[in-house]
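Visitor:
As structure tokens, then:
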């Protein structure tokens, strides 16, 4: 069986207030064909928000790749890329 | 109604920056916010504007609103934000109106709702010109042109055009306002008529440019917290249970860490509201009055005062949970500054009318304050609550009705729930006030689904409902729409 795509959502208050709250719906909003291929979990604030270098919050990791300024569509797009071409084959 | 879009996030970022400057004792740098958020050769925060100077001007007016001022009260364009900040701290009583329009941000909207597209053939018949009752249409260079100063938006030209060349372009704030309180004045700037405005916050949510802002009191709250020996009490509205990924107890601990002396749950005040409203309902039905409506939603109460006077006699006289809560807090802390924190714009208008509530803050401001003070909910131990007040349901449509019904002992209830004060529901209320119907108890909330969908919440309504269902610890039903 293929390895699951790992999605880690920053549960820090900053990310949550600056748009991360939307990821509460992640499980519901995943397209049907991706639903059983994704493992969603929370992560403690990795501190990316302390500098501007990593981009803007909210931060999400998909298979250890960082997405800044994340939103649902952007993350789903990343997940699809990982499923199609990523290290999950 | 709270939505996470770039306009909302920019507002939250400015609030956070404002808090930081105050806390770091650097308010004199407040005029730099605009420069930092719209830097030269940067694209942040204003990439869609014509130039950085305009972006900066708009940010300046946003800060002005967040310092508590009405943007249209500016008399000297050179007055610095630092000067406004000092004036805000010396705290003069705010005049009427909680919402204000950053008119600089308004210019992107169409000048009139009807626009001639390039599909216009400049036809000989010129039905549009003939039918226009205001002579607003002229033919220029082979195409019809509408003079926005003359156009009254009747739409006759659109219907008359055989090429469907005239289109209706909405002005989102006007479109969303259920009481026609926001309109374009003679200078072409959106203006709010405070004699009509019920502070529902729909225009603020609707404006894609974030041009409508609430006048914040956060700087006054920070200022009182910083005063040695001053007690400042936070009263958290029931909708708090849908705002963060944490239990009420956790949030309350975090709020204390922001420097508040104590935290009070407004659901406790809601218990008194529910009991008293049940008693009042029994009493008025016995006296032969046909029905009673709830009174906890301030936008609805303002609606009855400003638009539906025929309904006013049926509005419950029971104080809102906020007012009961303020009484309870005052008994315990007679000298304290009392701050109500909720998802609502209209609560600030309500608080100004009654003694006991000093300031009103929004949930997004609470979130920004946590960011500025680096108070992270994640770092607090998860506390599971043993018992939850069922009156937390005041945050949802149906919830107030259920809470009142729990204490009610009169003849059988024939209840109605009005969820959302949009134009259609306001028309229904108008019929209810004057026509025949069988309802005897009517719950009204301005936001669809209740306070969880408030305009200044952190989470979108669907997220707030989900979080509330998992964390509030009370049984809820799907709200009526």
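Residue numbers (the working numbering), protein chains in the order written: chain X, 28 to 116; chain L, 54 to 534. All C-beta atoms, glycine included, are put in the ideal place defined by N, C-alpha and C. Please read these numbers as outputs of a predicted model, since none were measured by experiment.
#1: The beta strand (DSSP E) spanning residue 315 of chain L covers which residue range?
#2: Given that residue 88 of chain L touches chain X, what residues does it touch there, using C-beta distances under 8 Å?
#3: Just by C-beta distance, which residues in the stretch 67-97 of chain X are closer than 7 Å to chain L?
#4: For residue 94 of chain X, which residues of its own chain have a beta-carbon under 8 Å away from its beta-carbon, when the five flanking residues on both sides are left out?
#5: Taking the C-alpha atoms as reference points, what is the distance between residue 408 of chain L and residue 391 of chain L?
#6: Assign residue 104 of chain X to one of three DSSP states: helix, strand, or coil.
#7: Under 7 Å Cβ-Cβ, which residues of chain L neighbour residue 39 of chain X?
#8: Considering only residues of the same chain and omitting the five flanking positions on each side of residue 283 of chain L, which have a CB-CB separation below 6 Å?
#9: Closest to residue 506 of chain L by CA distance: which of L/142, L/491 and L/254 is it?
#10: Counting only beta-carbon atoms, is residue 423 of chain L nearer than 8 Å to chain B?
#11: Could you give the DSSP three-state label for residue 414 of chain L: helix, strand or coil?
#12: Based on the DSSP secondary-structure assignment, which residues constitute the bridge partners of residue 221 of chain L?
#13: Using the DSSP secondary-structure output, state which residues sit across from residue 498 of chain L in a beta bridge.
#14: What do you get for residue 99 of chain L, buried or exposed, if any count of 16 or more other CB atoms within 10 angstroms of its CB means buried?
#15: In whole angstroms, what is the alpha-carbon distance linking residue 248 of chain L and residue 321 of chain L?
#16: Do you know whose CA, among X/96, X/58 and X/77, lies nearest residue 110 of chain X's CA?
#17: What separation, rounded to the nearest whole angstrom, lies between the Cα atoms of residue 55 of chain X and residue 179 of chain L?
#18: Classify residue 532 of chain L as buried or exposed, calling it buried when 16 or more other Cβ atoms lie within 10 Å of its own Cβ.
#19: Report the rounded CA-to-CA distance for residue 343 of chain L versus residue 337 of chain L, giving the unit in angstroms.
#20: For residue 75 of chain L, collect the residues of the same chain with a Cβ closer than 7 Å to its Cβ; drop the 5 residues on either side in sequence, then sort them by chain order.
#21: Any beta carbon from chain L within less than 8 Å of residue 44 of chain X's own beta carbon?
#22: What did DSSP end up calling residue 120 of chain L once you bin it into helix, strand or coil?
#23: Are residue 424 of chain L and residue 303 of chain L closer than 8 Å when you measure CB to CB?
#24: Alpha carbon to alpha carbon, how far is residue 194 of chain L from residue 184 of chain L?
#25: Going by other Cβ atoms of all chains shown within 10 Å of its Cβ, with 16 needed for buried, is residue 395 of chain L buried or exposed?
#26: Could you give the distance in angstroms between the alpha-carbon of residue 97 of chain L and the alpha-carbon of residue 315 of chain L?
#27: Looking at the strands, I want to know which residues DSSP matches up with residue 423 of chain L.
#28: How far does the beta strand (DSSP E) with residue 85 of chain L in it extend, from its first residue to its last?
#29: Hey, how far is the Cα of residue 577 of chain L from the Cα of residue 126 of chain L?
#30: Threshold first: 3 residues or longer. Then list the beta strand (DSSP E) segments lying entirely within the stretch 249-319 of chain L, N to C.
#31: As an exercise, report each continuous beta strand (DSSP E) stretch of at least 3 residues that is fully enclosed by the stretch 326-399 of chain L, in chain order.
#32: Does the Cβ of residue 366 of chain L have 16 or more other Cβ atoms within 10 Å, making it buried, or fewer, making it exposed?
#33: Taking Cβ positions, are residue 86 of chain L and residue 112 of chain L nearer each other than 8 Å?
#34: Under DSSP, the beta strand (DSSP E) around residue 66 of chain X begins and ends at which residues?
#35: Per DSSP, which residues does residue 236 of chain L bridge with? Please list them.
Guide: A quick look at the data gives this:
#1: Within the second chain, residue 315 of chain L is the residue found at index 262, counting from 1. 315-318 is the span of the beta strand (DSSP E), which, as asked, contains residue 315 of chain L.
#2: Along the second chain, one-based indexing puts residue 88 of chain L at 35. None at all; the shortest Cβ gap to chain X is about 15 Å.
#3: 71 and 72
#4: Counting from one through the first chain, the residue named residue 94 of chain X turns up at place 67. By the criterion of a C-beta distance shorter than 8 Å, residue 94 of chain X is surrounded in its chain by 86, 87, 88, 101, 102 and 105, once the five residues flanking it on both sides are discounted.
#5: The count along the second chain starts at 1 and reaches residue 408 of chain L at position 355. The count along the second chain starts at 1 and reaches residue 391 of chain L at position 338. CA-CA distance, residue 408 of chain L to residue 391 of chain L, rounds to 10 Å.
#6: As a working mapping, residue 104 of chain X is identified with position 77 in the first chain. Reduced to three states, the DSSP call for residue 104 of chain X is helix.
#7: Position 12 of the first chain, counted from the first residue, corresponds to residue 39 of chain X. Neighbours of residue 39 of chain X on chain L, chain order: 429 and 431.
#8: As a first step, residue 283 of chain L must be located in the second chain, where it is residue number 230. Cβ neighbours of residue 283 of chain L beyond the five flanking positions: 277.
#9: In the second chain, counting from the first residue as 1, residue 506 of chain L sits at position 453. Here the closest residue by C-alpha is L/254.
#10: In the structure shown, chain B does not exist; the protein chains are X and L.
#11: Mapped onto the second chain, residue 414 of chain L falls at position 361. The answer is strand: DSSP assigns residue 414 of chain L an E or B state.
#12: Within the second chain, residue 221 of chain L is the residue found at index 168, counting from 1. Answer is L/167, bridged to residue 221 of chain L.
#13: Here residue 498 of chain L corresponds to residue number 445 of the second chain, with the count starting at 1. Paired residues: L/472.
#14: Mapped onto the second chain, residue 99 of chain L falls at position 46. Its pLDDT being 47, under 50, residue 99 of chain L is placed unreliably in this model, and the value from its coordinates should be taken loosely. By the 10 Å Cβ count, residue 99 of chain L comes out buried.
#15: Position 195 of the second chain, counted from the first residue, corresponds to residue 248 of chain L. Position 268 of the second chain, counted from the first residue, corresponds to residue 321 of chain L. Roughly 33 Å separates the two Cα atoms.
#16: For the purposes of this step, residue 110 of chain X is taken as the residue at position 83 of the first chain. Comparing Cα positions, the closest option is X/58.
#17: Looking up residue 55 of chain X in the first chain gives position 28. Looking up residue 179 of chain L in the second chain gives position 126. Each residue's Cα considered, the two are about 53 Å apart.
#18: The residue you call residue 532 of chain L lines up with position 479 of the second chain. Low confidence applies to residue 532 of chain L: its pLDDT is 48, below 50, so where it sits in the model is not reliable, and the reading given next is rough at best. Buried: at least 16 other Cβ atoms inside 10 Å.
#19: The sequence position of residue 343 of chain L within the second chain is 290, counting from 1. The sequence position of residue 337 of chain L within the second chain is 284, counting from 1. Taking the straight line joining both Cα atoms gives about 8 Å.
#20: Within the second chain, numbered from 1, the residue matching residue 75 of chain L stands at position 22. Counting only Cβ-Cβ distances below 7 Å, and skipping sequence neighbours, we find 272 and 275.
#21: Here residue 44 of chain X refers to the residue found at position 17 when the first chain is read from its first residue. Chain L contact via Cβ: present.
#22: Mapped onto the second chain, residue 120 of chain L falls at position 67. If DSSP states are grouped into helix, strand and coil, residue 120 of chain L belongs with coil.
#23: Here residue 424 of chain L is taken as the residue at index 371 of the second chain, counted from 1. Here residue 303 of chain L is taken as the residue at index 250 of the second chain, counted from 1. No, they are not a contact pair.
#24: Within the second chain, residue 194 of chain L is the residue found at index 141, counting from 1. Within the second chain, residue 184 of chain L is the residue found at index 131, counting from 1. Going by C-alpha positions, residue 194 of chain L is about 20 Å away from residue 184 of chain L.
#25: As a position in the second chain, residue 395 of chain L is number 342, starting the count at 1. Buried, because 16 or more other Cβ atoms sit within 10 Å of the Cβ of residue 395 of chain L.
#26: As a first step, residue 97 of chain L must be located in the second chain, where it is residue number 44. As a first step, residue 315 of chain L must be located in the second chain, where it is residue number 262. Because the pLDDT at residue 97 of chain L is just 49, under 50, the model does not fix this residue reliably, and the point stays unresolved.
#27: The sequence position of residue 423 of chain L within the second chain is 370, counting from 1. Its beta-bridge partners do not exist; DSSP assigns none.
#28: Position 32 of the second chain, counted from the start, is the residue given in the question as residue 85 of chain L. Annotation: residue 85 of chain L is outside any beta strand (DSSP E) and is labelled neither H nor E by DSSP.
#29: Look at the range of chain L in this structure, 54 to 534, and you will see that residue 577 of chain L is not part of it.
#30: Here the runs fully enclosed are 265-267, 285-289 and 315-318.
#31: 390-395
#32: Indexing the second chain from 1 puts residue 366 of chain L at position 313. Exposed, because fewer than 16 other Cβ atoms sit within 10 Å of the Cβ of residue 366 of chain L.
#33: To locate residue 86 of chain L, count along the second chain from 1; it is residue 33. To locate residue 112 of chain L, count along the second chain from 1; it is residue 59. Yes, these two residues count as a Cβ contact at 8 Å.
#34: For this step, residue 66 of chain X is matched to residue 39 along the first chain. First-last of the beta strand (DSSP E) with residue 66 of chain X: 65-70.
#35: Taking the second chain and counting its residues from 1, one reaches residue 236 of chain L at position 183. Residue 236 of chain L has L/244 as its beta-bridge partners, per DSSP.
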